[in-house]
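> So the sequence lines, in the order shown, correspond to chains G and Y.
The opening residue of the first sequence carries number 1 in this note's numbering; numbering runs sequentially from there.
The opening residue of the second sequence carries number 759 in this note's numbering; numbering runs sequentially from there.
The C-beta atom is built at its ideal place from N, Cα and C for all residues, glycine as well.
Okay, handing you the structure first.
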Amino acid sequence: MKTSRRKFLQWSGIGALGAVVFSGCGIPEKELLVQSPALIPEDLVSGLEAWYATSCGQCAVGEGIIVRVIEGRAIKIEGNPDHPISRGKSSAQCQAGLQALYNPQRLAAPMKLRGARGSGDYEEISWEAALSEVAELLKGQAPASVVLLTEPLRGSLGMVARTFMEAYGGQHLGYEALEQTTLRVALKQVFGADQLPDFDIDHADFVLSFGSDFLSSWLSPVRFNRGYGEFRQGGNTRGALVQVESRFSMTAANADRWVYVRPGREGEVALSVAYVLLAEHSERLDPAAANILTRGRGAAALEAFRPEAVAASTGVSEEQIKELAKALAEHQRPLVIGGGSAGAGTNGLSNLEAIYALDSLLGVLGKSGGVLFSPGAPVDGLPAAPKVGSFADWQALADRMRGGGVKVALVHGANPVYGLPADLGFGDALGRAEVVVSFSSFMDETTALADYILPDHVYLEAWGDDIPEPGPGYQVVTFQQPVVKPLVNTAAFADSLLGLARRIGGKVDQAFPKTWATMKDVLRDTARKLQAQGRGSVQAASFDAFWNTVLQRGGWWDVNRKGATPGLSPIRLPASPVEPQFAGPGAGGFYLVPFASHSLGDGKGANLPWLQATPDPVTTATWQTWVEINSRPAEAMGIKVGDELEISSPRGVLRALAYPHPGVSPEVVCIPTGQGHTHYGDYEVGPDLYRIRVARDRGANVLSVVAPSQVDGTGALAWASTRVSVRKTGAFYRLPRLEGPVFADFRAVEEHVPLSTA
Amino acid sequence: MVSTPRERKWQMVVDMDRCTGCQACVVACQVENNIPINSESHYQQGRAMQWIRIERYWEGEFPNVKARFIPFLCQQCNNAPCEPVCPVFATYHNNEGLNVQVYNRCVGTRFCANNCPYHARSFNFWEPVWPEAMRNQLNPDVTVRSRGIMEKCTFCIQRIRRAELDAKREGREVRDGDFQPACAQACPTSALVFGDSKDPASRVNEAAKSSRRFRLREELGTEPNVIYLSKVDPEARGAAGHA
């Protein structure tokens, strides 16, 4: 065997490790040995790592994650490779969860208000005192005057909260930050299914998406991104994507073609596409669906939506509409998706109905590459679909509060004071309640009004389970286990509820089994019921084996228990366009298209520096609220990047920084959600010279200018039905963003291969 | 005698037709590698520290407008322009094809960053600081770099080392897929594929065979070990012919 000099040196270095580590300083060749830290373990301290599977609490989906823990500290989050939704993948939000756990602004102990409400003057009390005092409060109230406001709750926690409020007698209202009420209603009308279904992008070969920014923020972005990768390059043919949307979103940026449509006109485009399909490609359609949707009249029923008739109002050309219809007809596995801004005009429901009617017409329900439905929960009594209040419900609640009808408000996981349009005045209304009890882990706008704070664990410290929505088309229960010990003196929300129930006594206490002392007991009960089914991914003879395996795998699923495809619902397509209504200036104004921030979401992520510092994909902007405006009107108004703009609607005014770019329609301005907090994220980060607050008093909340209009027929907030005027204030702030002229020359290197050669 | 493992050369394939610009890789990298929190000033002064970043650029104007995303990371060049200019040998080439930075040799001349045609290097202009509680999250496998130090993507060398040690302990070769860098592991579209190019059966070798393959600024002769697969655009204007 021939030994090279390099090999010889490597071997001698490794062999010399034990004794000569400190004596070799004088030999020049020894220097070469440092060349590979990969092979020289002398300075390597490889700590023992443990990985725990649990559930992600950063967004509403219920993805499985695994967490790397070293010496009791959570170090890294990854997607759970076994989990049906994440399949080992994750998003920026999933990754940033550790900063929620190790957040300096966590509420560290139960507290009671000492000063005036809103003063932030609290005294620490014991858990015993906190639970007893709140229980006494609840005992002395008429149950009807108590409300429980939570995030949408599913799984065992949903069961506990529901049992508690049903036994006690008060109202339980779910707050969905990025409200999907209209989507739920539309899907129920068109498909007859009371759930958010899965869209099997993976296996589609043509996706037509209306307004749904599914690669960024819509429903289940990790799952859809995973599908998108396969859709593009996973199979033999490359899938094509067309995005019809009034904003140039991240999904539009990735689409093969982006079609600008005027806000609120998405339904007209969809019906026009349906008209062309019925008139020219009827052989491709499901005859039964076509029959029902048009009452047997075929294309004649949609005469009012001929492409030439809708081109002017929608801003989408006749040729474009015909091409879309042709593409849908010619592809083997087309799929139509709609949501986001398409469902957020006053006519949002009719828009989404029209959009999803295309799926019925094309007959893609329940098929590979189509719309897949998930079955109900595998365990009776476990809520699979959350109970969510619509915007109208929240308006009604605000009115009831103003009228003095609410004495005690219990709030968990929801921040309605920040997240409802300012015009609603929810903060003032909540202030009318006699006692507000917050179970939040962080100080936020709603918790700032609390009289008692009973802080919850962060999800990485807590037990729980979840039924992902949208599901993967079969039964899944994600299990959540604590991966670290609670860092501060917090208690799980479910444990607090169970503790309150015991102290209230009577029928509230009796509603819960005696064996349920904590959430872990509830969860073990759920696990027992799953074990008893004897099917699915985890099966075991003994409960201990089942319990351990289900925690190890991060959940339980049964790929054979698929959801049933619903039959056709007898909805009827409209005969004439449903006009969207707008509040605000007509001529001279812009359509306001708010959008969910890619990293901050509805604003929940705003207290995490990693997410604040994550560049927006389209603008590369960070840390601020910006206004997307087309470069041409911006030039005419003398607006440059970083100029402060005043955006006025009949309902309010906000100031934010301009970001003119060529991808936005000249009729539209777009503003992200997520900033404009007054209490959340109140701590500093950054180098000593440039320390900044993370979220408090940062940017503006776009909901402060959104008119509180409702989507007809659903009661959801029509957040894309405001028009605004734009004025330059003269102030300037350098917009923190990633892009810079220095990288501009790279554009030459990327090449685009036309489809024919790919 | 210690048995010598098979020769290794790490490579990455970036499929831009899968990449959606979602930033999962960017945050995953920040978390894994103890990269300082980028505050406003980092961005305002063009000093944001990202070992992997997503560049976006525009083509065309409304309504026929396109935004393109390219993930940029250290290209781990075979002929790395950053290496010969370092006066203190802080940046050098290791025998697994990695361009490595030795932090405690670096004196902060920034010659390497100046010479890097890919802007892959980040300089610590400020002492990195974290709120006390957040220091609990720092990855103990990765050094925290102080002010005045140059840093860049390492292909997550701490994960490479861990996988190699595990393999050695078990008396076997490192298997394809034993580990991935943080960016590739997070990437929801599987746009990033990482592996050993000397392993003929590795996924990265398979992916690199694509006809869409090219490397950034190949004309400079840097021979990057990051291979890009170009975006497919049926409607591309003036698309370069590509065999």
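(1) Answer yes if the stretch 48-65 of chain G comes into contact with the stretch 81-98 of chain G, meaning at least three C-beta pairs across the two stretches below 8 Å, and no otherwise.
(2) Quick check on F543/G: buried or exposed, where buried means 16 or more other Cβ atoms within 10 Å of its Cβ?
(3) Identify whether D602/G lies in helix, strand or coil by the three-state DSSP scheme.
(4) For P470/G, decide whether its Cβ has a neighbour in chain Y, counting only Cβ atoms nearer than 9 Å.
(5) Cutting at 6 Å between CB atoms, please list the residues of its own chain near R68/G, excluding the five before and the five after it.
(6) Is there a C-beta anywhere in chain G that falls below 9 Å from the one on V846/Y?
(7) In the structure shown, what three-state DSSP assignment does A769/G receive?
(8) Can you tell me whether K989/Y is buried or exposed, with buried defined as 16 or more other CB within 10 angstroms of its CB?
(9) Going along the chain, which residues of its own chain have a beta-carbon closer than 8 Å to the beta-carbon of V488/G, five neighbours each way excluded?
(10) Thinking C-beta only, is T150/G closer than 9 Å to H412/G?
(11) Would H661/G pass as an interface residue toward chain Y - the criterion being a Cβ-Cβ separation below 9 Å?
(12) Counting along the chain, where does the beta strand (DSSP E) carrying A501/G start and finish?
(13) From the beta carbon of N613/G, is the nearest beta carbon of chain Y less than 9 Å away?
(14) Does the CB of L98/G have a neighbour CB from chain Y at under 9 Å?
(15) Taking only runs of the alpha helix (DSSP H) that begin and end inside the stretch 917-959 of chain Y, which ones reach a length of at least 4 residues, in chain order?
(16) Going along the stretch 599-630 of chain G in order, which residues come within less than 9 Å of chain Y, judged by CB to CB distance?
(17) Below 9 Å between beta carbons: does that hold for L349/G and Q189/G?
(18) Would E635/G pass as an interface residue toward chain Y - the criterion being a Cβ-Cβ separation below 9 Å?
(19) Could you tell me whether any Cβ in chain G is nearer than 9 Å to the Cβ of Q781/Y?
(20) Going by DSSP, which residues form a beta bridge with M401/G?
(21) So R737/G contacts chain Y; which residues on that side make the cut at Cβ distance below 8 Å?
(22) Tell me, please, whether the CB atom of P482/G is closer than 9 Å to any CB atom in chain Y?
(23) Out of curiosity, what's the CA-to-CA distance linking Y861/Y and A891/Y?
(24) From which residue to which residue does the alpha helix (DSSP H) around W127/G run?
(25) So P594/G packs on A304/G, CB below 8 Å; how close in whole Å?
(26) Helix or strand or just coil, what does DSSP make of V550/G?
(27) Quick check on DSSP: helix, strand or coil for D465/G?
(28) What does DSSP give as the partner residues of P886/Y in its beta bridges?
(29) For chain Y, check one thing: does any of its Cβ atoms lie closer than 9 Å to the Cβ of G240/G?
(30) Does the structure place the stretch 790-809 of chain Y close enough to the stretch 730-738 of chain G that three or more beta carbon pairs sit under 8 Å?
(31) Going by C-alpha distance, which of P570/G, N225/G, T619/G is nearest S249/G?
(32) Within a Cβ cutoff of 8 Å, which residues of the same chain sit near V222/G, ignoring the five residues on either side of it in sequence?
(33) To test your reading of the DSSP string, which unbroken beta strand (DSSP E) runs of 3 or more residues are found completely within the stretch 680-737 of chain G?
(34) When you compare the CB of T980/Y with every CB in chain G, is at least one pair closer than 9 Å?
(35) If we count the other Cβ atoms within 10 Å of its Cβ and call it buried at 16 or more, is T729/G buried or exposed?
(36) What residues from chain Y crowd round A300/G, counting only those whose CB sits closer than 8 Å?
Result, derived from the coordinates:
(1) Short answer: they touch.
(2) Locating residue 543/G in the first sequence gives position 543, counting from the first residue. F543/G is exposed by the Cβ-count criterion.
(3) Here residue 602/G corresponds to residue number 602 of the first sequence, with the count starting at 1. Secondary structure of D602/G (DSSP, three-state): coil.
(4) For the purposes of this step, residue 470/G is identified with residue 470 of the first sequence, where counting begins at 1. Cβ-Cβ to chain Y under 9 Å: no for P470/G.
(5) As a first step, residue 68/G is located in the first sequence; it is residue number 68 there, counting from the start. For R68/G, where only same-chain residues beyond five positions count, the Cβ hits under 6 Å are E49, W51, I75, K76.
(6) On the second sequence, position 88 is the one that residue 846/Y refers to. Not closer than 9 Å to any Cβ of chain G, the Cβ of V846/Y fails to qualify, so no.
(7) Given a span of 1 to 758 for chain G in the structure shown, any question on residue 769/G remains unanswerable.
(8) Translated into the one-based positions of the second sequence, residue 989/Y becomes position 231. So K989/Y ends up on the buried side.
(9) Along the first sequence, one-based indexing puts residue 488/G at 488. Within the same chain, V488/G has close Cβ partners R106, L107, A108, A109, P455.
(10) In the first sequence, the residue the question calls residue 412/G occupies position 412. In the first sequence, the residue the question calls residue 150/G occupies position 150. Yes. Within cutoff.
(11) In the first sequence, residue 661/G corresponds to position 661, counting from 1. Chain Y, which has a Cβ nearer than 9 Å to the Cβ of H661/G, makes this yes.
(12) Locating residue 501/G in the first sequence gives position 501, counting from the first residue. Where A501/G is concerned, there is no enclosing beta strand (DSSP E), although the alpha helix (DSSP H) it sits in stretches over 493-504.
(13) Within the first sequence, residue 613/G is the residue found at index 613, counting from 1. Checking the sequence, you will find Ala at residue 613/G rather than Asn. Output row for A613/G: interface = yes.
(14) Locating residue 98/G in the first sequence gives position 98, counting from the first residue. Closer than 9 Å to some Cβ of chain Y, the Cβ of L98/G qualifies, so yes.
(15) Taking 4 residues as the shortest admissible run, the stretch 917-959 of chain Y contains the following complete alpha helix (DSSP H) segments, listed from N- to C-terminal end: 940-944.
(16) Cβ contacts with chain Y come from S599, P609, W610, L611, Q612, A613, T614, P615, D616, P617, V618, T619, T620, A621, T622, W623, Q624, N630.
(17) Here residue 349/G corresponds to residue number 349 of the first sequence, with the count starting at 1. Here residue 189/G corresponds to residue number 189 of the first sequence, with the count starting at 1. Yes, the Cβ-Cβ distance between L349/G and Q189/G is below 9 Å.
(18) Translated into positions along the first sequence, residue 635/G becomes position 635. Among the residues facing chain Y, E635/G is not included, as its CB has no counterpart in that chain under 9 Å away.
(19) To locate residue 781/Y, count along the second sequence from 1; it is residue 23. A Cβ of chain G is located within less than 9 Å of the beta carbon of Q781/Y.
(20) On the first sequence, residue 401/G is found 401 positions in, with the first residue counted as 1. In the DSSP output, where bridge partners are listed per residue, M401/G has none listed.
(21) Your numbering for residue 737/G matches position 737 in the first sequence. Result: Y801.
(22) As a first step, residue 482/G must be located in the first sequence, where it is residue number 482. No, its Cβ sits nowhere closer than 9 Å to a Cβ of chain Y.
(23) By 1-based counting over the second sequence, the position of residue 861/Y is 103. By 1-based counting over the second sequence, the position of residue 891/Y is 133. Roughly 25 Å separates the two Cα atoms.
(24) Counting from one through the first sequence, the residue named residue 127/G turns up at place 127. Here the alpha helix (DSSP H) through W127/G covers 127-139.
(25) Here residue 594/G is taken as the residue at index 594 of the first sequence, counted from 1. Here residue 304/G is taken as the residue at index 304 of the first sequence, counted from 1. Beta-carbon to beta-carbon, P594/G and A304/G are separated by about 30 Å, too far to satisfy the 8 Å threshold.
(26) Here residue 550/G is taken as the residue at index 550 of the first sequence, counted from 1. Reduced to three states, the DSSP call for V550/G is helix.
(27) Counting from one through the first sequence, the residue named residue 465/G turns up at place 465. The three-state reading of DSSP puts D465/G in strand, counting E and B together.
(28) One-based indexing of the second sequence puts residue 886/Y at position 128. In DSSP, P886/Y forms no bridge with anything.
(29) Residue 240/G sits at position 240 when you count from the first residue of the first sequence. Position check: residue 240/G holds Ala in this sequence, whereas Gly was assumed. Cβ-Cβ to chain Y under 9 Å: yes for A240/G.
(30) These segments touch.
(31) The sequence position of residue 249/G within the first sequence is 249, counting from 1. Among P570/G, N225/G, T619/G, the Cα nearest to that of S249/G is on T619/G.
(32) On the first sequence, residue 222/G is found 222 positions in, with the first residue counted as 1. Here the set comprises V61, E63, G79, I85, S86, K89, S90, S91, C94.
(33) Whole beta strand (DSSP E) segments, 3+ residues: 722-732.
(34) Within the second sequence, residue 980/Y is the residue found at index 222, counting from 1. Not one chain G Cβ lies under 9 Å of T980/Y.
(35) Locating residue 729/G in the first sequence gives position 729, where the first residue counts as 1. Its Cβ having fewer than 16 others within 10 Å, T729/G is exposed.
(36) Sequence index remark: in the first sequence, residue 300/G carries index 300 (1-based). Correct list: empty, because the minimum Cβ distance to chain Y is about 32 Å.
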